[in-house]
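Trainee:
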Amino acid sequence: MKQYNPAEIENKWQQKWKEEKRFEVQNHQPGKQNRYVLIEFPYPSGKGLHTGHVRSYSAMDAVARKLRIQGYNVLFPMGCDAFGLEAERTAIREKKLPQEIVARNIATFKKQLQKLGLSVDWSREINTSDPDYYKWTQWQFLQFYKHGLAEKREMLVNYCPNCGVLANEEVEDGKCCQCGRDTTQKPKEQWILKITNYADRLIDDLALTNYMPHIKTSQINWIGRSEGVEVDFATTAGVNFSIFTTCIETIYGITFMVVAPDGKIVKELKPYITNWDEVSEYQKQTAKKSDFMRCELNKDKSGVQLKGVMAINPVNGKQVPIYAGDFVLASYGTGAVMAVPAHDQRDFEFAAKHNIGGNIQVISGGDVTEHAFEKTDYLGKGCILINSEQFTGQIVEEAKKNITDYLVKKGIARKNQNYRLSDWCFSRQRYWGEPIPMVYCDKCGWQPVPEDQLPVTLPIVDNYEPDKEGNSPLARIDSFVNTTCPCCGGVAKRETDTMPGWAGSSWYYMRYCDPNNSKEFASSDALKAWLPVNLYNGGNEHTTRHLLFARFWNKFLFDIGLSPVKEPFDSRVSQGIVLGANGVKMSKSLGNVVDPLDVINQYGADALRVWEAFMGDYFETVNWSDDGTKSAFRLLNRIWNMKEVLVENNVTELDYAINHAIKKVTEDIDNIKFNTAIAEIMTCTNEIYKLNKIGKAQYKNFVTLISPFAPHIAEEIFEECGFGEFKDQTWPTVDESKLVLTQIELPVQVNGKVRAVIKVAADASADEVKNIALQVTEVLKYVTGDIKKVIYVPKKILNFIV
RNA sequence: GCUGGUGUGGCGGAACGGCAGACGCACACGACUCAAAAUCGUGCGGGAAACCAUGUGGGUUCAAAUCCCACCACCAGCACCA
34 MKQYNPAEIE NKWQQKWKEE KRFEVQNHQP GKQNRYVLIE FPYPSGKGLH
84 TGHVRSYSAM DAVARKLRIQ GYNVLFPMGC DAFGLEAERT AIREKKLPQE
134 IVARNIATFK KQLQKLGLSV DWSREINTSD PDYYKWTQWQ FLQFYKHGLA
184 EKREMLVNYC PNCGVLANEE VEDGKCCQCG RDTTQKPKEQ WILKITNYAD
234 RLIDDLALTN YMPHIKTSQI NWIGRSEGVE VDFATTAGVN FSIFTTCIET
284 IYGITFMVVA PDGKIVKELK PYITNWDEVS EYQKQTAKKS DFMRCELNKD
334 KSGVQLKGVM AINPVNGKQV PIYAGDFVLA SYGTGAVMAV PAHDQRDFEF
384 AAKHNIGGNI QVISGGDVTE HAFEKTDYLG KGCILINSEQ FTGQIVEEAK
434 KNITDYLVKK GIARKNQNYR LSDWCFSRQR YWGEPIPMVY CDKCGWQPVP
484 EDQLPVTLPI VDNYEPDKEG NSPLARIDSF VNTTCPCCGG VAKRETDTMP
534 GWAGSSWYYM RYCDPNNSKE FASSDALKAW LPVNLYNGGN EHTTRHLLFA
584 RFWNKFLFDI GLSPVKEPFD SRVSQGIVLG ANGVKMSKSL GNVVDPLDVI
634 NQYGADALRV WEAFMGDYFE TVNWSDDGTK SAFRLLNRIW NMKEVLVENN
684 VTELDYAINH AIKKVTEDID NIKFNTAIAE IMTCTNEIYK LNKIGKAQYK
734 NFVTLISPFA PHIAEEIFEE CGFGEFKDQT WPTVDESKLV LTQIELPVQV
784 NGKVRAVIKV AADASADEVK NIALQVTEVL KYVTGDIKKV IYVPKKILNF
834 IV
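Using this note's numbering, read the first sequence as starting at 34 and increasing by one per residue.
(1) In this structure, how does DSSP classify C841 when only helix, strand and coil are distinguished?
(2) Quick check on this structure: which residue in F652, I672, D631 and D650 has the alpha carbon closest to the alpha carbon of D659?
(3) Which two residues bound the contiguous beta strand (DSSP E) that contains S850?
(4) Would you grab the beta carbon distance between T810 and P765 for me? Rounded to a whole angstrom, and I think it's under 8 Å.
(5) What does DSSP give as the partner residue(s) for F602 in the beta ladder?
(6) Starting from D233, trace the alpha helix (DSSP H) in both directions and tell me its first and last residue.
(7) Taking K821 as the reference, which of N832, P827 and V812 has the closest Cα?
(8) Applying the criterion that 16 or more other CB atoms from any shown protein chain within 10 Å of the CB defines a buried residue, is A124 buried or exposed?
(9) Please state if the CB of V264 and the CB of I355 are separated by a distance shorter than 8 Å.
(10) Measure the beta-carbon distance from C474 to A525 and round it to whole angstroms, keeping in mind my assumption that it falls under 8 Å.
(11) Between the Cα of Q103 and the Cα atoms of C477, W255, Q66 and N388, which residue gives the shortest distance?
(12) Would a C-beta distance cut-off of 8 Å place C416 and C477 closer than the cut-off?
(13) Measuring CB to CB, does T367 end up less than 8 Å from I445?
(14) Tell me whether C458 counts as near the ligand SAH, meaning its Cβ is closer than 7 Å to at least one heavy atom of that ligand.
(15) For a quick check, are the C-beta atoms of F582 and W535 less than 8 Å apart?
(16) Tell me Q352's beta-bridge partners as DSSP assigns them.
(17) Which residues in the same chain have their Cβ closer than 7 Å to the Cβ of N331, if we skip the five residues on either side of it in sequence?
(18) From what residue to what residue does the beta strand (DSSP E) around F759 run?
(19) Exposed or buried, what is H180 when buried is set at 16 or more other beta-carbons lying within 10 Å of its beta-carbon?
(20) In whole angstroms, what is the alpha-carbon distance linking L108 and D154?
(21) Where does R137 fall in DSSP's three states?
(22) Take P848 as the anchor and find which of L612, T654, L491 and V472 has the nearest alpha-carbon.
(23) Where DSSP assigns a beta bridge to F266, which residues make up the other side?
(24) Compute the Euclidean distance between the alpha carbons of G296 and F383, then round it to the nearest angstrom.
(25) Would you tell me roughly how many angstroms separate the C-alpha atoms of V342 and A357, rounded to the nearest one?
(26) Would you decide whether Q731 is buried or exposed? Buried here means 16 or more other CB atoms lie within 10 Å of its CB.
(27) Distance, Cα to Cα, D628 vs T84?
(28) On the premise that L71 lies in contact with V566, defined as a C-beta separation below 8 Å, what is that separation, rounded to the nearest angstrom?
(29) The beta strand (DSSP E) that contains S64, what's its start and end?
(30) Just verifying my parser: in three-state terms, what is the DSSP assignment at K814?
(31) Of the residues E133, L151 and K143, which one's Cα is nearest the Cα of D94?
(32) Starting from K386 and walking both ways along the alpha helix (DSSP H), at which residues does that stretch end?
(33) Rounded to whole angstroms, what is the Cα-Cα separation between D233 and Q450?
(34) Going by CA-CA distance only, name the one from D530, F381 and I419 that's closest to T402.
(35) In terms of DSSP beta bridges, what is P481 paired with?
(36) How many whole angstroms separate the CB atoms of N192 and T216, which I take to be in contact at a CB cut-off of 8 Å?
Here's what the structure looks like:
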């Protein structure tokens, strides 16, 4: 049998598509509906793409191509998320400019993507580090600022005495990943965006989307809305502070309080604390830990008592000790908690460690001597309060309400919501990012750069390494820093922090709609034409960050009338990762990286794409296999060679198989079940080989079915067989009449075990089926004694219970 | 620890209340060939059988890989969120 030559065919068609501008779309195409298929744009690392990345690109390309054949006007764009730490570090290592590194990496990516034969509209390509693009990122930042959603706030940053401010990923076990020195947490003024203002809407509006359920769940949990009560506590020192609790029903069980060591409460209490040396030492220890370490690695419940001062429980006037404990974070809630060891395991362990005796059980129904009796155990079980004065005897749920009302009436408590989500730290002390377009004037304070002066471009400089003091490298460049105040015209200094990598990626899908607009980030008409994105594909790791940031960003633009939609993405899916053949993540150091270009050279892009679709469920993790591409190549050859057995008229015996395939492949692509779509095409191929003939019209339809996955070979077959221009082909429709079976095979069970399979008419009645089954010896063998019950599920099963 | 997810032949996987193992890989055999590769075809969970098999143990059901409860293992993300 002949083998086709993928290299020749693929080059030919890729060239042709380019010349014809086949995949360039207009925002409006008369008579066609728009569809927007989006895949997260790649971060152009120096490593290039491996076969793991190919999976989502080729899969979404298949979706886009099918929609196009179905008659939609499809936007399927591509670009590069070009700002970021990796490019900067590579540049430093190679002593080049980040701009050069990015240009080089983008070229590699583009070559790889184009060899795959993606149906991308390259005329809309964007790059977030292009001044024409980041001008609008800066412009949008200014809108956040002007609407009070951006401000400077003191935040804790990772700090290394040698390398300056570090990203979380640059800290490992409390040490700097570059030089190995111990890192600390240092407070620093940072720009933040108030995403928490949108917390409720970010949860509630998920109802307007069709994201996969686990993606919605992840976002809801990440935002972490909790309803509770903020209660004021007095102290013997006369200083008051508030705590936040979701378990107000346990307030009579308080035996101590815990405050964040680095919070403002400790500062206010300082004059009254008699063991300040000890407390101050504990603060230093805390500064060495990141929030994550404070939460995860602090299994020992470290803490220190603030001696000389006691807190007063507002419900009964009881005095309890106050501790500083690093498991309490200054940034969450009020930075203080009430501790009830009898009903909170964390408090229980803290009390045990610090020998705080006298645990008070206030909810009956559990034993609290060895372990706390927590809310997950007592809520909704009708448990009642004990040891709680006038609330004793009430059911937990009632008591919760009554205690809250009582405290609110007394004016010392407020119902409140707290969010796990914190505001978005938007400053980076790095070179390779969008400069934040703000100017500081001693007289006028922070002033936005006038919009007509945008973009504030990144100066091209030799030395852009991070600063040891923790300042941005831009701060060293006088010509950049020194400017005039837009307000008073006096001397002023530019902000030298840059934006995080998440900035440019928060609105890139909007720019694709109108990529060359120099007057606005995208015209309202273009946005209305394409938004919301119909299908957005991206990695699971972005579910809680990028996806949330992008939704927040859009909501803000919607509020100020610049986005036409409340939610930017209608549906969101995440592909499973492709591991190396040895079952671990592809990485250069492990030597299991497969370059898609190598595979394409051997078997062609079509075979690679088909194998990527077939290798497993799209949402699950799968292992790469070299043999897989070979099997896909084999399938394509089998389809290719059907040309030799072509007959003029349709082969009736194939009607069922072909129509079944049309139905199954159509539904499977719609449902992102690419693996079973390919399996169906294989099954149908086997049928065709059994008969060893296929009608022209049948072949044309069958080839169309594989074309979203193997577009090059499909167009070549069309040309060779004289099927006309592929771009005029429409997606085949199912002839349901060919799928109607008159006879079906029905499994017959006795007591739930299959004993025989009988052939019956598809529309046979229960009695008819029963009578036929009871003539089969295999069935009769097991039907002994009376038949107690007969279950017949039409076309599915017949079950005798004896 | 928390959150989300996953456990099915030698392997990748399918089925997601109704014949477990579709489809493919690997393997074996046959055809073609001087021969090999390629190709085409046949077989392929275990067991002599009764039967046993979808991580483990329970439960619901006429019927469970699928639904419920408990547990174990693995993967990913993380900020002990009071």
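For each residue, glycine too, the CB sits at the ideal point set by N, CA and C.
Mentor: This is what the structure gives:
(1) No answer is possible for residue 841: it lies beyond the span of the chain, which begins at 34 and ends at 835.
(2) Counting from 1 along the first sequence, the entry for residue 659 is found at position 626. It is D631.
(3) In the structure as shown, the chain starts at 34 and stops at 835, and residue 850 therefore has no counterpart that could be examined.
(4) In the first sequence, residue 810 corresponds to position 777, counting from 1. In the first sequence, residue 765 corresponds to position 732, counting from 1. The pair is not a contact, with the Cβ atoms about 45 Å apart (cut-off 8 Å).
(5) Taking the first sequence and counting its residues from 1, the one referred to as residue 602 is at position 569. Beta-bridge pairing links F602 to V566.
(6) Within the first sequence, numbered from 1, the residue matching residue 233 stands at position 200. A232 to D237 is the extent of the alpha helix (DSSP H) around D233.
(7) Your numbering for residue 821 matches position 788 in the first sequence. The option with the nearest alpha carbon to K821 is N832.
(8) Position 91 of the first sequence, counted from the first residue, corresponds to residue 124. It is buried - the Cβ of A124 has at least 16 other Cβ atoms within 10 Å.
(9) Locating residue 355 in the first sequence gives position 322, where the first residue counts as 1. Locating residue 264 in the first sequence gives position 231, where the first residue counts as 1. Not a contact, by the Cβ cut-off of 8 Å.
(10) Residue mapping note: residue 474 aligns to position 441 of the first sequence, counting from 1. Residue mapping note: residue 525 aligns to position 492 of the first sequence, counting from 1. At roughly 4 Å, the Cβ-Cβ gap stays under 8 Å, so C474 and A525 are in contact.
(11) Taking the first sequence and counting its residues from 1, one reaches residue 103 at position 70. It is Q66 whose Cα lies nearest to the Cα of Q103.
(12) Position 383 of the first sequence holds residue 416. Position 444 of the first sequence holds residue 477. No, they are not a contact pair.
(13) Residue numbering aside, residue 367 sits at position 334 when the first sequence is read from its first letter. Residue numbering aside, residue 445 sits at position 412 when the first sequence is read from its first letter. No.
(14) Of the ligands one can find in the structure shown there are none, so the ligand SAH has no counterpart to examine.
(15) Looking up residue 582 in the first sequence gives position 549. Looking up residue 535 in the first sequence gives position 502. In contact: F582 and W535 (Cβ atoms closer than 8 Å).
(16) By one-based count along the first sequence, residue 352 stands at place 319. The partner list for Q352 (beta bridge, DSSP) reads I345.
(17) Your numbering for residue 331 matches position 298 in the first sequence. Note that N331 has pLDDT 49, beneath the 50 cutoff, so the model's placement of it is unreliable and no number is given.
(18) Residue 759 sits at position 726 when you count from the first residue of the first sequence. Taken as a continuous stretch (DSSP letters only), F759 belongs to no beta strand (DSSP E), as it is neither H nor E.
(19) The residue given as residue 180 occupies position 147 in the first sequence. Under this definition H180 is an exposed residue.
(20) Translated into the one-based positions of the first sequence, residue 108 becomes position 75. Translated into the one-based positions of the first sequence, residue 154 becomes position 121. Roughly 7 Å between the two C-alpha positions.
(21) As a first step, residue 137 must be located in the first sequence, where it is residue number 104. Three-state result, R137: helix.
(22) Past the boundaries of the shown model lies residue 848; the chain is included only from 34 to 835, so the question cannot be answered.
(23) For this step, residue 266 is matched to residue 233 along the first sequence. Looking at the DSSP assignment, F266 forms a beta bridge with F274.
(24) Translated into the one-based positions of the first sequence, residue 296 becomes position 263. Translated into the one-based positions of the first sequence, residue 383 becomes position 350. If I take the Cα positions, the gap works out to 19 Å.
(25) Looking up residue 342 in the first sequence gives position 309. Looking up residue 357 in the first sequence gives position 324. Cα to Cα, the separation comes out at about 12 Å.
(26) As a position in the first sequence, residue 731 is number 698, starting the count at 1. Classification of Q731: buried, given that the 10 Å Cβ count is 16 or more.
(27) Mapped onto the first sequence, residue 628 falls at position 595. Mapped onto the first sequence, residue 84 falls at position 51. Straight-line Cα distance between these residues: approximately 6 Å.
(28) The residue given as residue 566 occupies position 533 in the first sequence. The residue given as residue 71 occupies position 38 in the first sequence. Indeed, because the Cβ distance is near 5 Å, the residues count as touching under 8 Å.
(29) Within the first sequence, the letter at position 31 stands for residue 64. With the sequence shown as reference, residue 64 is identified as Gly, and Ser is not the correct amino acid for it. That residue, G64, is in no beta strand (DSSP E); it is neither H nor E in DSSP.
(30) Working through the first sequence from its first residue, we reach residue 814 at position 781. DSSP places K814 in coil when its eight states are reduced to three.
(31) If you number the first sequence from 1, residue 94 lands on position 61. The option with the nearest alpha carbon to D94 is L151.
(32) Working through the first sequence from its first residue, we reach residue 386 at position 353. Q378 to K386 is the span of the alpha helix (DSSP H), which, as asked, contains K386.
(33) The residue labelled residue 233 in the question sits at position 200 within the first sequence. The residue labelled residue 450 in the question sits at position 417 within the first sequence. Whole-angstrom Cα-Cα distance: 10 Å.
(34) In the first sequence, counting from the first residue as 1, residue 402 sits at position 369. Per the Cα distances, F381.
(35) Locating residue 481 in the first sequence gives position 448, counting from the first residue. Answer by DSSP bridge pairing, in chain order: M471.
(36) The residue given as residue 192 occupies position 159 in the first sequence. The residue given as residue 216 occupies position 183 in the first sequence. Inspection of the sequence shows that residue 192 is occupied by Tyr rather than by Asn. Contact flag correct, Cβ pair sits at about 6 Å.
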